[in-house]
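A short write-up of the structure that comes next.
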Amino acid sequence: MKSPFLLTAIISLIIIIKPSQSLKAEQVVINEIMYHPNEGGHEFVEIENLTSSPFDIALWKLSGGVDFEFPDFRSASPRNTFLKAFERIVICDTDPGTFRNTYGLPSAVRVFGPWKGNLSNSGERITLEDKNGITRCTVRYDDKGNWPVAAAGGGHSLILFDDSRAIDDYRLWRASSGINGTPGSSEPAAAEEPYSNPEVDLSVGIPYIEYSDAWDYNDQNINLGTTWKNSNYNFSHPGWTRENAGDNEGGLYGFESSALPAPGLRTPLLNSSDNANHISYYFRKEFTYNGSTSGVRLTIDLINDDGCGFWLNGQWIGGVATSSGASHTTTAERVVTNAEEELGVISLANPPLVNGKNVIAAAGR
Numbered sequence: 532m533k534s535p536f537l538l539t540a541i542i543s544l545i546i547i548i549k550p551s552q553s554l555k556a557e558q559v560v561i562n563e564i565m566y567h568p569n570e571g572g573h574e575f576v577e578i579e580n581l582t583s584s585p586f587d588i589a590l591w592k593l594s595g596g597v598d599f600e601f602p603d604f605r606s607a608s609p610r611n612t613f614l615k616a617f618e619r620i621v622i623c624d625t626d627p628g629t630f631r632n633t634y635g636l637p638s639a640v641r642v643f644g645p646w647k648g649n650l651s652n653s654g655e656r657i658t659l660e661d662k663n664g665i666t667r668c669t670v671r672y673d674d675k676g677n678w679p680v681a682a683a684g685g686g687h688s689l690i691l692f693d694d695s696r697a698i699d700d701y702r703l704w705r706a707s708s709g710i711n712g713t714p715g716s717s718e719p720a721a722a723e724e725p726y727s728n729p730e731v732d733l734s735v736g737i738p739y740i741e742y743s744d745a746w747d748y749n750d751q752n753i754n755l756g757t758t759w760k761n762s763n764y765n766f767s768h769p770g771w772t773r774e775n776a777g778d779n780e781g782g783l784y785g786f787e788s789s790a791l792p793a794p795g796l797r798t799p800l801l802n803s804s805d806n807a808n809h810i811s812y813y814f815r816k817e818f819t820y821n822g823s824t825s826g827v828r829l830t831i832d833l834i835n836d837d838g839c840g841f842w843l844n845g846q847w848i849g850g851v852a853t854s855s856g857a858s859h860t861t862t863a864e865r866v867v868t869n870a871e872e873e874l875g876v877i878s879l880a881n882p883p884l885v886n887g888k889n890v891i892a893a894a895g896r
């Protein structure tokens, strides 16, 4: 899902990072997630090889709320570290024998575990990396928004029903048809399910920030100068609400009496119509990127009224109806009557990404 900024006021955006060439679906995918099992059940993640070629998965890692590293190669059992063609394997929170007995799995299904940690019942990103740290597959699931509610405590798992696209999108997932999911086997064929927004190409990249995400924000009509957008900013100015604050519900942010795109207004901001010369609202969001920093493209989709400028790691990357030098009292260069989703307002090849922590900063006007 996504979030907004209106100057009647709403801001939210989706940041998508993708290879400059067309992104194809993963060859090895996370295709089932049991994050909230019934009592007596176990958390698990199923991984599938979609190709006719085996993969050496020695020292591959599953990370997120859980951590698991596959065993290293051993000459005594060389086949054990290979994911066979079209094979499904299971990683779980307990020892393989206990898991196999609980779910009645045949010996042909390989089970790995236990992992360290727990899958979050409120959603998180889980990532599969190879031994060189290259991301093979990643997905951020959630228990809210358009994600299936039956998986949020109802004992069902999340099932990937379309593996032909990059999987990090809620529109490609549904709840398992039965309680306890289907570890090690495919879900019974279901009736065709249309995407909620079929005109959007779901294979174009991986969303790193979504409309419903929480940001650090400052709505106090303060001149923050220029340091607020830098990666190492220490929130030295007053008036910041941090993303983990109890009253920060995430996007959309703003104030508005008209209907808004989903997920709707969730965090109200100080109403500029009640404060003379209140023009600018400031936002910061950290995200982690691990991958190549060349040959990639950053795309921003936006819900906004009226204008917004963006910086990545302190560098200007573009704006909508505003410029990099606009002051905190500079109005937007357009007037929006009702905020709507705008796709691809920023599309930047080779953005100033770094491996590890990145900071996107936005000034809504």
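Just so you know, this note's numbering puts 865 at position 334 of the sequence shown, and the rest follows in order with no gaps. Don't be surprised by glycine CBs; every beta carbon is placed ideally from N, CA and C. Because the structure is a prediction, the values reported are computed rather than measured.
Where residue i falls: helix, strand or coil (DSSP)
i: Ser-767; result: coil
i: Leu-783; result: coil
i: Ala-721; result: With a pLDDT of only 43 at Ala-721, under 50, the local geometry of the prediction cannot be trusted, and no value is derived from it.
i: Pro-609; result: helix
i: Tyr-742; result: coil
i: Arg-828; result: strand
i: Gly-838; result: coil
i: Pro-602; result: coil
i: Lys-533; result: Note that Lys-533 has pLDDT 34, beneath the 50 cutoff, so the model's placement of it is unreliable and the number below is only indicative. In the structure shown, Lys-533 sits in coil (DSSP, three-state: anything other than H, G, I, E or B).
i: Phe-643; result: strand
i: Trp-847; result: strand
i: Asn-886; result: coil
i: Gly-571; result: coil
i: Ser-727; result: Note that Ser-727 scores a pLDDT of 36, beneath 50, so its modelled location is shaky and nothing firm can be said.
i: Gly-895; result: strand
i: Trp-759; result: helix
i: Gly-595; result: coil
i: Tyr-897; result: No information on residue 897 is available, as it lies outside the stretch 532 to 896 that the chain covers here.
i: Arg-705; result: strand
i: Ala-682; result: helix
i: Ile-715; result: Note that residue 715 is Gly in the sequence shown here, rather than Ile. Reduced to three states, the DSSP call for Gly-715 is coil.
i: Thr-860; result: coil
i: Thr-868; result: coil
i: Thr-853; result: coil
i: Pro-627; result: helix
Among the options, nearest to residue i - alpha-carbon criterion
i: Ser-584; options: Gln-558, Lys-592 and Gly-709; result: Gln-558
i: His-859; options: Lys-647, Ser-811 and Arg-667; result: Ser-811
i: Thr-758; options: Leu-843, Arg-610 and Phe-575; result: Leu-843
i: Glu-563; options: Glu-579, Asp-598 and Gly-571; result: Glu-579
i: Asn-649; options: Asn-569, Val-597 and Tyr-820; result: Val-597
i: Glu-660; options: Gly-685, Ile-588, Gly-684 and Arg-605; result: Ile-588
i: Arg-702; options: Gly-709, Ile-710, Gly-712 and Val-670; result: Val-670
i: Thr-862; options: Ile-848, Gly-838, Gly-849 and Ile-561; result: Gly-838
i: Gly-845; options: Leu-801, Ala-892 and His-809; result: Ala-892
i: Ile-561; options: Trp-704, Asn-763 and Ser-767; result: Trp-704
i: Arg-619; options: Ala-639, Arg-610 and Phe-604; result: Ala-639
i: Pro-769; options: Ile-753, Asn-761, Gly-777 and Ser-762; result: Ile-753
i: Asp-744; options: Tyr-764, Arg-797, Pro-609 and Gly-756; result: Arg-797
i: Tyr-739; options: Gly-712, Ala-682, Ser-708 and Asp-699; result: Asp-699
i: Leu-614; options: Glu-864, Leu-581 and Arg-631; result: Leu-581
i: Asn-874; options: Tyr-742, Lys-662, Ser-788 and Lys-760; result: The question names Asn, but residue 874 in the sequence shown is Leu. Among Tyr-742, Lys-662, Ser-788 and Lys-760, the Cα nearest to that of Leu-874 is on Tyr-742.
i: Phe-604; options: Ala-706, Glu-864 and Phe-586; result: Phe-586
i: Gly-686; options: Met-565, Arg-896, Phe-841 and Ser-823; result: Met-565
i: Gly-684; options: Arg-896, Pro-882 and Glu-574; result: Glu-574
i: His-809; options: Gly-895, Ala-607, Thr-629 and Gly-635; result: Gly-895
i: Thr-868; options: Val-576, Gly-849, Trp-847 and Glu-787; result: Glu-787
i: Ala-681; options: Pro-602, Ile-848 and His-567; result: His-567
i: Ser-762; options: Trp-847, Ala-607, Leu-636 and Thr-629; result: Trp-847
i: Trp-591; options: Phe-630, Pro-637 and Cys-668; result: Cys-668
i: Gly-712; options: Phe-617, Gly-850, Ser-823 and Leu-636; result: Leu-636
Cβ distance (whole Å) where residue i is taken to contact residue j below 8 Å
i: Gly-676; j: Pro-794; result: 6 Å
i: Gly-664; j: Asn-821; result: 7 Å
i: Thr-633; j: Gly-572; result: 7 Å
i: Gly-785; j: Leu-800; result: 5 Å
i: Ala-870; j: Asp-836; result: 4 Å
i: Leu-689; j: Pro-679; result: 7 Å
i: Asn-569; j: Ile-710; result: 7 Å
i: Thr-819; j: Gly-777; result: That belief does not hold up - the Cβ atoms of Thr-819 and Gly-777 are roughly 24 Å apart, past 8 Å.
i: Val-827; j: Leu-755; result: The pair is not a contact, with the Cβ atoms about 29 Å apart (cut-off 8 Å).
i: Leu-897; j: Val-621; result: Residue 897 is absent from the structure shown; the chain starts at 532 and stops at 896.
C-beta neighbour in chain B for residue i, strict 8 Å
i: Arg-641; result: The chain inventory of the structure shown lacks chain B, comprising one protein chain alone.
Contact the stretch 778-792 vs the stretch 703-717: 3+ CB pairs below 8 Å: no
Inter-stretch contact at 8 Å, needing at least 3 Cβ pairs: the stretch 808-816 / the stretch 741-756: yes
Touching by the beta-carbon criterion (3+ pairs, under 8 Å), the stretch 854-864 and the stretch 767-776: no
Stretch pair the stretch 828-848 + the stretch 877-892: three plus CB contacts closer than 8 Å: yes
Inter-stretch contact at 8 Å, needing at least 3 Cβ pairs: the stretch 683-697 / the stretch 621-633: no
The stretch 646-654 contacting the stretch 672-691, beta-carbon criterion three pairs below 8 Å: yes
The stretch 598-609 in contact with the stretch 631-651 per 3-pair CB rule at 8 Å: yes
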